[in-house]
Amino acid sequence: MTSTGSEQHEPPQPAASPMPGQMPGPASPGQGAAGGHGVPGAGAPANWAWAQPAMALQTVETEPLEYHRLLRGVAGYRWWKPLLLLLLSGVYFGVFTVIVSLAFIPLLALSPDYLEGVMTGSGEMLDTQVPISVLLSLVSIIIMMPAVILAMLSLGMRPVGRIWSVAARIRWGLLGRLSVAALLAVVVMNVVGIAFGMALSLAGDPASLSETAPAPDQGFDWAAAWTSLVIVVLLVPLQATAEEVVFRGLFMQVIGSWLRSPWFGILIPSLGFALLHIYDVWGLLSVGLLGVVAAWLTWRTGGLEAAIAIHVINNLIAFGFMTFAFGGETAQVEESGGPGTLLGALAGYAVFIWLTLRTFRRHGYGRTRIDLMQVPVPAAAPTQPPSMAELPQAMPGSHPAPAPQPGAPAAQPGAEVPAEAGSPDAGDSPDVAERPSGTGRPEEEQRHG
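Position 106 (the sequence shown) corresponds to 87 in the working numbering; numbering is contiguous.
This is how it looks when you write it as structure tokens:
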């Protein structure tokens, strides 16, 4: 029958009474009890992703990491990430090389003789009498530095300053002090090298001492020399720094992320560093020695500052000699100063190592770093509701406790419930100790103690 007034609703039906021994519960999974609301996800299988609790993260400290191990402190470190960093740095370097090559095409057109000499092999790639060759040679190396930094940013390896030192930055005070030490060491290197060279010449061919180095001929272009000197002063610090970022930074940290011993990261990149130069055997040994000393000091001082200092000062003086033809050459050639060059390098680097360690200890710089990382906390295993078979069944003849009648006084907290006669709790038992009140928290234990 239809009503013309307000819509009639049937009164809610009471829930069916449970059978003896059966616990009252919702009629369907996810449905709440009478008068309540459903619990979201209560009826979902525990292995469903949306039914799983969010994974908790805990911030922990890494072990103290030396310089060659710093990549292990990046967030989400995996063994393959340093390898990907190496490959991505190479890709960026290739892209930058193409850009630089295209940008230099108009400039190289201004020096057709130089370009023809390089193409035919009759000219040198680096000649200070051709300033454009100095600029191209230095810039083509400098671009390695942004390639490495951009690769670290692309992979989220922050802070990228870890490539400089354990302080995640260049320690300028240390770099300045070690630059002075490097200047003294390079002076010793050249003085000892020249002295040994003269001694060896005297022992082998005394007449060679009377030969003087050829002076710049009348075709020497002083304007080109001064232009090259300006380029050298401005760009050699960046060129030497870029080489250190790659050979003592990137390669050393990539190898060190896999191998704990620093010697793998010291020796392997130093060998590659030496082989990339065009010198004779004495020159290659000198360059290899520079690589080993720079890498060892990088590990020992926790940063690239010592390596940058000795490399920059050494290259500035070498380019200065070449710019004004001290020794008769304005271009980079294969011939070195012979064994005297290596002996001078040994003396100079020994002085630099002593000064570096002395400065490092005196000013208290650090050589390790502790990073903070977030790691997942193992979650407790999800508890499943008991099945009907696991629920306690009522004994025959027993009845559930009656519900309190309306108006009956509620049980007071802490009130004792009299035990039934014959129950195990009736009377005093020596096996039951009296418990103090409280929740077990330390502050409450102290209050109640």
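Backbone N, C-alpha and C fix where the C-beta goes; we use that ideal spot for every residue, glycine too.
Close beta carbons around residue i, own chain, < 6 Å, minus the five adjacent residues each side
i           : result
residue 158 : 340
residue 40  : 353 and 355
residue 235 : 63 and 67
residue 289 : 222 and 225
residue 273 : 251
residue 270 : 326
residue 55  : 138
residue 342 : none
residue 130 : 141
Three-state class that DSSP yields for residue i in the structure shown
i           : result
residue 108 : strand
residue 215 : helix
residue 40  : strand
residue 146 : strand
residue 127 : helix
residue 355 : strand
residue 241 : coil
residue 350 : strand
residue 436 : The structure shown has nothing for residue 436, since the chain only spans -18 to 430.
residue 477 : What the structure shows of the chain is the stretch from -18 to 430, and residue 477 is not part of that stretch, so it cannot be assessed.
residue 183 : helix
residue 119 : helix
residue 96  : helix
residue 136 : coil
residue 248 : helix
residue 46  : strand
residue 160 : helix
residue 232 : helix
Close Cβ partners of residue i (< 8 Å) along its chain, the five nearest in sequence each way excluded
i          : result
residue 45 : 349, 350 and 351
Proximity below 8 Å, CB of residue i to CB of residue j
i           : j           : result
residue 53  : residue 238 : yes
residue 152 : residue 346 : yes
residue 125 : residue 227 : yes
residue 176 : residue 333 : no
residue 325 : residue 102 : no
residue 132 : residue 73  : yes
residue 217 : residue 268 : no
Nonlocal neighbours in the same chain, by C-beta distance under 7 Å from residue i, ignoring five residues either side
i           : result
residue 331 : none
residue 219 : 123
residue 156 : 286, 289 and 290
residue 104 : 95 and 98
residue 149 : 140, 142 and 143
*Report yes or no: do the region 59 to 74 and the region 230 to 242 share at least 3 C-beta pairs separated by less than 8 Å?*
Yes: at least three Cβ pairs fall under 8 Å.
*contact_flag[the region 280 to 288, the region 73 to 86] where n(CB pairs < 8 Å) is 3 or more*: Contact between the region 280 to 288 and the region 73 to 86 is absent, because fewer than three Cβ pairs lie under 8 Å.
*Would you say the region 99 to 115 touches the region 200 to 208, given that touching needs at least three Cβ pairs under 8 Å?*
Yes, they touch.
*Counting only runs of 4+ residues fully inside the region 268 to 325, write out the alpha helix (DSSP H) ranges in chain order.*
Residue ranges of uninterrupted alpha helix (DSSP H) with 4 or more members, entirely inside the region 268 to 325 and ordered along the chain, are 286 to 304.
*Evaluate contact between the region 318 to 327 and the region 138 to 149, counting only Cβ atoms and requiring at least three cross-stretch pairs below 8 Å.*
As far as the Cβ criterion goes, the region 318 to 327 does not touch the region 138 to 149, which means the pair count is below three.
*Three or more C-beta pairs closer than 8 Å, one from the region 118 to 132 and one from the region 248 to 260: is that the case here?*
The region 118 to 132 is not in contact with the region 248 to 260.
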